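What follows is a single structure, written as structure tokens, with notes after it.
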Amino acid sequence: MPGPLMPDTTLARPGLWRFTGWALVVLVTYLALTPEPPATTLRFGDKLGHVVAYASLMGWWLQIDRRPERLALLFVLMGLALEILQSLGGYRTGDIFDMAANTLGVGLGWLSALLLPDWLARLDKRLARSLDR
Numbered sequence: 001m002p003g004p005l006m007p008d009t010t011l012a013r014p015g016l017w018r019f020t021g022w023a024l025v026v027l028v029t030y031l032a033l034t035p036e037p038p039a040t041t042l043r044f045g046d047k048l049g050h051v052v053a054y055a056s057l058m059g060w061w062l063q064i065d066r067r068p069e070r071l072a073l074l075f076v077l078m079g080l081a082l083e084i085l086q087s088l089g090g091y092r093t094g095d096i097f098d099m100a101a102n103t104l105g106v107g108l109g110w111l112s113a114l115l116l117p118d119w120l121a122r123l124d125k126r127l128a129r130s131l132d133r
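Start counting the sequence shown at 1; every next residue gets the next number (the numbering used here).
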């Protein structure tokens, strides 16, 4: 089964896709810990941002590592850790509802991977064909 140490052989550029996945992890971490996160004018926009961030992480990484239970646990723990770090930082506060939004996002990302399996492999093949021309 593919994973971080066992790359998905259906991808022509697994390193590029893993790098992109890690960049998403760094971006979410930065947004969670920055003293001034981007403002939103939407009602519950903050919670929506949490859902989208964690759905993106889960949906992306499930295209590379086909162990959903492991990924779900890792991303739920990541969300919990970042909320705790926010509380300890002194300039932001951790929020149980943010944690719930993170967890909902993980679930939606898992669902998206079930509904749209192998979309990254299809994109990868299309990219490979266009670059081979």
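Where is the CB? At the ideal position from N, CA and C, for every residue including glycine.
Given the structure is predicted, the values throughout are model-derived calculations rather than measurements.
### Message
Tell me which residues share the same chain as A128 and place their Cβ nearer than 6 Å to its Cβ, disregarding the 5 neighbours each side in the sequence.
### Response
As a working note, residue 128 is residue 128 in the sequence shown. Close CB contacts of A128 within its chain, under the 6 Å cut and outside five residues either way in sequence, are with A12 (chain order).
### Message
Less than 6 Å between C-beta atoms, sequence neighbours within five positions excluded: which residues of the same chain meet that for K47?
### Response
Position 47 of the sequence shown, counting from 1, holds the residue named residue 47. So the qualifying residues of the chain are A101.
### Enclosing alpha helix (DSSP H) for A12 [first to last residue]
Counting from 1 along the sequence shown, the entry for residue 12 is found at position 12. For A12, no alpha helix (DSSP H) encloses it, and the DSSP letter there is neither H nor E.
### contact_flag[the stretch 13 to 31, the stretch 53 to 62] where n(CB pairs < 8 Å) is 3 or more
Contact between the stretch 13 to 31 and the stretch 53 to 62 is present, with at least three C-beta pairs closer than 8 Å.
### Message
Can you find the residues in the same chain that come closer than 7 Å, C-beta to C-beta, to V28, ignoring five residues on each side of it along the sequence?
### Response
In the sequence shown, residue 28 corresponds to position 28, counting from 1. A53, L57, listed in sequence order.
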